[in-house]
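Last residue of the sequence shown: number 308 in the working numbering, and the count goes up by one each step with no gaps.
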Amino acid sequence: MDPFYLALLYNLVLYFMLLGLQVVYRARSHGLAYALSNLDAQKTEQKCQLRSRRAKDNQTEFLVFFCGLFICLEASEISVAHLGFLAIVIMISRSFYILSVLLGLPYIRSLSWLSGSIPLIYILVLLLS
């Protein structure tokens with residue numbers, strides 16, 4: 180399997196895991212009936228619940244950019260020898276980023292975000308050149 184396809188699949192799975200984690204946190208903190216309902220009354224969120232929501236929102240933003248970049252890369256048929264390595268770096272950095280958001284580690288979060296953004300910017304520059 181192409182590493183870029185694997186990175187896309189991995190990020191989609193990570194997104195759905197974060198989506199499921201929010202339901203678990205809500206059920207644990209507010210009860211199962213509230214978690215499965217669509218009540219308008221918002222209850223206060225715990226730290227873990229707030230962090231998981233932020234991680235999911237960030238993963239949603241990342242997926243939009245990553246999918247767009249992936250579609251453009253496939254359409255342009257650019258052949259880059261180290262594209263697999265870049266995809267693996269993106270996967271690992273996203274894993275560390277999500278984990279650092281959930282654990283509340285700000286400095287590691289910034290480093291992992293930066294290490295995942297540099298390959299994406301490099302691929303974007305390749306597409307634009």
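Yeah, the Cβ is synthetic: ideal placement off N, Cα and C, and Gly gets one too. Small disclaimer: the values here were computed from a predicted structure and weren't measured.
Query	Result
Lys-235 beta carbon less than 8 Å from that of Leu-278	no
Residue burial classification, Leu-188 (beta-carbon count within 10 angstroms, cutoff 16)	exposed
Delimiting residues of the alpha helix (DSSP H) encompassing Ala-266	262-282
Sub-8 Å separation of Pro-298 and Val-259 beta-carbons	no
Cutoff 6 Å; reference Leu-265; Cβ partners in own chain excluding five residues on either side	Pro-298
Local Cβ density within 10 Å of Arg-230, reported as buried at 16 or more and exposed below that	buried
Val-280 classed as buried or exposed, judged by whether at least 16 other C-beta atoms fall within 10 angstroms	buried
Val-243 - DSSP class collapsed to helix/strand/coil	helix
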